[in-house]
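Accompanying notes for the structure given below.
Numbering (the working numbering), first residue to last: 483 to 776.
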């Protein structure tokens, strides 16, 4: 009986010793931490400013012995999720996958935290396969950019679906690489369509050239004789279907598509008619003709 108890005691002591060794080993491993710095970029040289990037961190285990880890031979366990352009994590030894999602673009990286690493930190940069879009408009070939009054609708050329709509020409928009169509509406008069390509890791500048001219209607020479009846101006497009009538005691300016037009002026009992062609960025001024004034 004494021998039996002595044997049990020795087994118990051995078990305790093994438990202490295992716990000590685990404690030694768990003490090591590495700082992992994450950053999301639209192009490789850009600053990390994609604040709407969604990150998901996974702890992984390789299921095919001896092979390098890939996303096809790992078991992954989700650890945490967060949002932001940058993030710093402190992680114990292990193998991980970090997935970053911005809009429709997803990027994933596999990395290891190893106690034998030369540095106690790791910088992981995610560069999305997106391109930047900078919109602008001008009248004809003018170098002057229209800052206000243009509304843009961007569509995916393959699906015809609207990607976004904006009137902001100061912002850079980021899209997946591919082909698109832009419809630009200027001053609720002129609609211009154009196709363009987005190349990844580039800022793609798209300038819409509106074929627009300006017509000034000047009544300064009859201001003293207008009384209660202002002149009637009518401008008719020869091809584009434009037809507008204006009754005013003030000078007026109109933005019109570059095209051929007919101008009709009616005042009192007189009528005047003139055809004219308007070119992009051209300004034409009309006054009440002398024969209507005299």
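Virtual Cβ for every residue (Gly too), placed ideally from N, Cα, C. Values in this document were obtained by computation on a predicted structure and should not be read as measured data.
Does the separation of the CB atoms of residue 516 and residue 608 fall below 8 Å?
-> Not closer than 8 Å, so no.
DSSP state of residue 470 mapped onto helix, strand, coil | Given a span of 483 to 776 for the chain in the structure shown, any question on residue 470 remains unanswerable.
Contact check, residue 697 vs residue 740, beta carbons under 8 Å | Annotated as distal: residue 697 and residue 740, with beta-carbon spacing of 8 Å or more.
In its own chain, which residues sit with a C-beta less than 6 Å from the C-beta of residue 661, not counting the 5 before and 5 after it?
-> The residues 639 and 679, in chain order, have a CB closer than 6 Å to that of residue 661 in the same chain once the five nearest residues on each side in sequence are set aside.
Give me whichever residues DSSP pairs with residue 697 in a beta bridge.
-> Residue 697 pairs with 736 and 766.
Could you spell out the range, first to last residue, of the beta strand (DSSP E) harbouring residue 575?
-> Unbroken run through residue 575: none, as it is neither H nor E.
In whole angstroms, what separates the C-alpha of residue 754 from that of residue 686?
-> One C-alpha to the other measures close to 49 Å.
What first and last residue would you give for the beta strand (DSSP E) that runs through residue 538?
-> Element bounds for residue 538: 536–544.
Contact check, residue 557 vs residue 542, beta carbons under 8 Å = Yes, the Cβ-Cβ distance between residue 557 and residue 542 is below 8 Å.
Which runs of the beta strand (DSSP E), 3 residues or longer, sit entirely within the region 632–674?
-> Runs of the beta strand (DSSP E) spanning 3 or more residues and lying entirely within the region 632–674 occur at 632–638, 644–648, 654–658 and 660–668, in chain order.
Beta-carbon proximity check, residue 611 vs residue 682, cutoff 8 Å = Going by C-beta atoms, residue 611 is nearer than 8 Å to residue 682.
Throw me the rounded Cβ distance for the residue 689 and residue 619 pair, which I believe falls under 8 Å.
-> At roughly 7 Å, the Cβ-Cβ gap stays under 8 Å, so residue 689 and residue 619 are in contact.
Can you list, in chain order, the residues of its chain whose CB lies under 6 Å from that of residue 748, leaving out five sequence neighbours each side?
-> Cβ neighbours of residue 748 beyond the five flanking positions: 714.
Could you tell me the distance, in whole angstroms, from the CA atom of residue 617 to the CA atom of residue 651?
-> Cα to Cα, residue 617 sits roughly 6 Å from residue 651.
If we count the other Cβ atoms within 10 Å of its Cβ and call it buried at 16 or more, is residue 613 buried or exposed?
-> Counting C-beta atoms within 10 angstroms of its own C-beta, residue 613 has 16 or more neighbours from the protein chains shown and is therefore classed as buried.
Drop a sphere of 10 angstroms on the beta-carbon of residue 521, count the other beta-carbons inside from all chains shown, and report buried for 16 or more, exposed for fewer.
-> Looking at its Cβ environment, which holds 16 or more other Cβ atoms inside 10 Å, residue 521 is buried.
When you compare only the Cα positions, how much space is there between residue 648 and residue 630?
-> Looking at the two C-alpha atoms, the distance is approximately 11 Å.
What three-state label does DSSP hand residue 602 in the structure shown?
-> When secondary structure is reduced to three states using DSSP, residue 602 falls in the coil class, being assigned neither helix nor strand.
If we count the other Cβ atoms within 10 Å of its Cβ and call it buried at 16 or more, is residue 641 buried or exposed?
-> Residue environment analysis places residue 641 among the exposed positions, since fewer than 16 neighbouring C-beta atoms fall within 10 angstroms of its C-beta.
Assumed close pair residue 729, residue 700 - CB separation to whole angstroms, cut-off 8 Å | Incorrect: roughly 15 Å between the Cβ atoms, too far for contact.
Candidates 764, 746 and 572, of which the one nearest residue 465 by Cα = The structure shown does not extend to residue 465, since the chain spans only 483 to 776, so no value can be given for it.
Give the DSSP bridge partners of residue 759, in chain order.
-> Residue 759 pairs with 742.
Over what stretch of residues does the beta strand (DSSP E) that includes residue 686 continue unbroken?
-> Residue 686 -> beta strand (DSSP E) spans 685–692.
Sub-8 Å separation of residue 584 and residue 535 beta-carbons = Against a cut-off of 8 Å, the Cβ pair of residue 535 and residue 584 comes out as a contact.
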